[in-house]
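Notes follow the structure.
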Amino acid sequence: MPHLLTSRWTTVAVVGLFVISLWGPPFVVGDLVLRPEVVTVLLGLVVVGLTVRRVRAGGDGAVGRRVRAALAVLAVVLVVGARAVLGLGTSYVVVAPEGPSGCRVVVEESSFLMLGSGRVGVAGRLGPVRLQSDYTADDGGRPASLGEYSVRWTGSSAVVLLHGNAGQPVWPALHEVAC
Numbered sequence: 002m003p004h005l006l007t008s009r010w011t012t013v014a015v016v017g018l019f020v021i022s023l024w025g026p027p028f029v030v031g032d033l034v035l036r037p038e039v040v041t042v043l044l045g046l047v048v049v050g051l052t053v054r055r056v057r058a059g060g061d062g063a064v065g066r067r068v069r070a071a072l073a074v075l076a077v078v079l080v081v082g083a084r085a086v087l088g089l090g091t092s093y094v095v096v097a098p099e100g101p102s103g104c105r106v107v108v109e110e111s112s113f114l115m116l117g118s119g120r121v122g123v124a125g126r127l128g129p130v131r132l133q134s135d136y137t138a139d140d141g142g143r144p145a146s147l148g149e150y151s152v153r154w155t156g157s158s159a160v161v162l163l164h165g166n167a168g169q170p171v172w173p174a175l176h177e178v179a180c
């Protein structure tokens, strides 16, 4: 097992997952929605841990390994920081009611200055949110956070109406998502 943790292929696999997580969707655990940045931070910590472990494994070229490790840690910090900044102003709301077999609608809401936008998707009790539809909202509107929505389930599909209010209209207002 210790040799597996210092394997070059293990490091390549984890770094690959880390890079993929940069564009990944939010992740649902029960009633908690983990922002993509949280997944990126967790994988980033694993990358740093594997890097430190490889350096400690030592061998020839230990100075070069330390320099590479320092660069890897710096890269992880910069990437995680950039991902966190990009996620500012974004929130996730699990809207009621829950559909059959535990499927739920999740709304991603973002706003910057007077612009609002979002995406509508579905998730089970554990796993990634499958974002399926986009919308924009005037004046930075966040219809799901304000309870300005309705959800109607038909089998494993849901029709979500994000109606907003008179001052913050949403378009398109109607979204169909499937589990």
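Quick note: the sequence shown uses the working numbering, first residue 2, plus one each step.
In this text, a Cβ means the ideal position worked out from N, Cα and C, and glycines have one as well.
From a predicted model like this one, the values you see are computed outputs, not experimental measurements.
Start and end of the beta strand (DSSP E) containing residue i?
i: R120; result: 116 to 124
i: E177; result: 175 to 179
i: E38; result: First-last for E38: 37 to 58, but that is the alpha helix (DSSP H), not the beta strand (DSSP E).
i: R105; result: 105 to 113
i: W24; result: Where W24 is concerned, there is no enclosing beta strand (DSSP E), given that its DSSP letter is neither H nor E.
i: A159; result: 158 to 163
i: S102; result: Here S102 belongs to no beta strand (DSSP E), and DSSP marks it neither H nor E.
Report the three-state DSSP secondary structure of residue i (helix, strand or coil).
i: L127; result: strand
i: V29; result: strand
i: R69; result: helix
i: G143; result: The question names Gly, yet the displayed sequence has Arg at residue 143. The answer is coil: DSSP assigns R143 none of H, G, I, E or B.
Per DSSP, what are the beta-bridge partners of residue i in this structure?
i: W172; result: T137
i: L132; result: G122
i: V152; result: V161
i: V34; result: V29
i: V94; result: V108
According to the Cβ coordinates, are residue i and residue j closer than 8 Å?
i: V121; j: R105; result: no
i: S151; j: P101; result: no
i: T137; j: S112; result: no
i: V29; j: V107; result: yes
i: G165; j: G141; result: no
i: G90; j: P37; result: no
i: E149; j: L163; result: yes
i: T52; j: V74; result: yes
i: G103; j: R126; result: yes
i: R153; j: A159; result: yes
i: V130; j: V178; result: no
Check whether the Cβ of residue i sits closer than 7 Å to any heavy atom of the ligand ZN, and report yes or no.
i: G82; result: This structure lacks the ligand ZN, and indeed carries no ligand of any kind.
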